[in-house]
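Residue numbers (our numbering): 2 to 339. Built from N, CA and C at the ideal position, the CB exists for glycine as well. Structure first, commentary second.
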Amino acid sequence: MGQKADKEKTSEQKSLPIIVEQKTKAEQVKLIPKKTRYEWENLNNNKSVKKYCKKVDKKFLHWGWGRSRCKNISWHHVRNSVLGDPLIWVSFGDESRKKNRIDTTMVLCGVHGDEITPIKFCFDLIYYLIENYNEHYSERNIVIAPIVNPDSFFKDNPTRTNHRHIDINRNFPTADWNDLAVKLWKNRYRSDKRRFPGKSPLSEPEVVFQVNLIKRYKPSKIISVHAPLTMLDYDGPTLISDVEGVVGYKANALLKSMSQKAKGYRVKDYPFFPGSLGNYAGNERGIPTFTLELPSSDNRRHKEFWALFKPALQSALLHDLRDDLPLSADTKTDLNNI
Ligand SMILES: [Zn+2]
C-alpha cells in the first residue's frame, strides 16, 4: 500500500510542475507591465541643442562615460546659460495632462558644476526610462534637467559657482533673501567665494530656468542630485499641521523607502539657506524636495552610484505625493499611530 501511495504521489508530482509553470506564465502576463521603449512624439532638436549635444558627447568621453546619446533624446529648450549654452530638460509623459494635477517628479542635476557624477546620474536615469518605460511610468510626468549649470561643468576645471561666480543654490527668490542672504554669507561663511548668493535674488538665468520649470510643471516632488556629502536630505511639508500632514506623511515614508532601497543610506536633516532650492520649493511652496548627495564627484564611480540608487529612484518616481489625493484606510490608521 505504502509503495502504491508513493507511486501515486510521484506521478502526481511529475504532472504538477507543468500545471504550475503554465499558471505562473499566465499570471506573469497579467502582473508584469509590458516593457516598452519610450517613443518621442518628435525628435527634432533645434540647431543650438544639436551643437550642444556634440559638446556634451565630448565631455562624456573625456570623463570616461562613453557617448552621451544626447542627440537621441528629445530636449526642451527655452533659455540659455550666461555663456549661451542651452538649458535643456526632458519630459516623459503627456504634458497636456499636467492640468489634471497628475503626479509629477522633477529631477535636477549639475546645479553645482564641479559635482560631476550627478550629471551622469541624470543621464543614466534618462537611459533607464527610455529603455524600461511601462504603464506605471506612463501614468505620470517625469521631468529631468541633467545639466542645470553648464558654464561651470564645461570649464577645464569645473567650479561650483556659475560663470558670474554666483552659487545658483543661494540665488532663489526666497522671502528671507533680502534680509539674510548676503549678511549670512559675510558673517557665517566669511565671504566664501564658493557660496556667493549674488547681489540680488533671481539674477541668474540658471535660477530663472529652475523657477520656471517649477511654475510650468507644478511638481508633486523634486529630487536634486548633488555630491559628495553622502546623505539624503528632505525639505518640505512636515507633520506639524493637519493640512500639511498628509503630504508630510507620504514624503516621510518615501524618504525612508529611498534610504532603505539604497542599503540604508544616511538620512540627515541638513538646514536650508536663504536662496536655496530647499527653502524656495520645500519650505515656502510645500513641494517635497529631496536632496540626494552622492558619495563622491569621482567620475570613475558613476556605474556604482547608478546601481546603488536606481531602486531608490524607481521608488521615488512611482510614489504619488499629490496633496489632493485622499489617504487610503491603511495609511490613515498609520497616521493616527504617529
Ligand atoms: Zn552641490
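Given 8 Å as the limit, tell me if residue i has its C-beta closer than that to any heavy atom belonging to ligand 1.
i, result
"residue 149", "no"
"residue 166", "no"
"residue 207", "no"
"residue 323", "no"
"residue 282", "no"
"residue 196", "no"
"residue 170", "yes"
"residue 268", "no"
"residue 146", "no"
"residue 113", "yes"
"residue 348", "This structure cannot speak to residue 348, because the chain is shown only from 2 to 339."
"residue 136", "no"
"residue 63", "no"
By the DSSP assignment, the beta strand (DSSP E) with residue i in it spans what residues?
i, result
"residue 87", "87-93"
"residue 78", "77-81"
"residue 291", "290-294"
"residue 146", "142-146"
Would the beta-carbon of residue i fall within 9 Å of that of residue j?
i, j, result
"residue 110", "residue 74", "no"
"residue 274", "residue 118", "no"
"residue 290", "residue 271", "no"
"residue 91", "residue 146", "yes"
"residue 203", "residue 174", "yes"
"residue 259", "residue 313", "yes"
"residue 282", "residue 321", "no"
"residue 317", "residue 255", "yes"
"residue 225", "residue 279", "yes"
"residue 116", "residue 161", "yes"
"residue 214", "residue 294", "no"
"residue 205", "residue 179", "no"
"residue 144", "residue 218", "yes"
"residue 287", "residue 247", "no"
In the DSSP assignment, find the alpha helix (DSSP H) that holds residue i and state where it starts and stops.
i, result
"residue 58", "48-63"
"residue 106", "Unbroken run through residue 106 is the beta strand (DSSP E), 105-110; no alpha helix (DSSP H)."
"residue 120", "118-132"
"residue 139", "136-139"
"residue 308", "303-319"
Does the beta-carbon of residue i have 16 or more other beta-carbons within 10 angstroms, so that it is buried, or is it exposed?
i, result
"residue 22", "Unreliable placement is indicated for residue 22, whose pLDDT of 48 sits below 50; no coordinate value is reported for it."
"residue 20", "Note on residue 20: pLDDT 44, under 50, position unreliable in the model; the coordinate value appears next. The residue in question, residue 20, is exposed, as its Cβ has fewer than 16 Cβ neighbours within 10 Å."
"residue 269", "exposed"
"residue 126", "buried"
"residue 24", "Note that residue 24 scores a pLDDT of 49, beneath 50, so its modelled location is shaky and nothing firm can be said."
"residue 196", "buried"
"residue 211", "buried"
"residue 37", "exposed"
"residue 85", "exposed"
"residue 252", "buried"
"residue 88", "buried"
"residue 141", "buried"
"residue 276", "buried"
"residue 52", "exposed"
"residue 113", "buried"
"residue 41", "exposed"
"residue 150", "buried"
"residue 104", "buried"
"residue 152", "buried"
Compare the C-beta of residue i with all C-beta atoms of chain B and state if any pair is closer than 9 Å.
i, result
"residue 119", "The structure shown contains no chain B; it is built from a single protein chain."
- Query: What residue ranges within the region 148-231 form continuous alpha helix (DSSP H) runs of no fewer than 4 residues, ordered along the chain?
  - Reply: Correct list: 151-154, 183-188 and 206-218.
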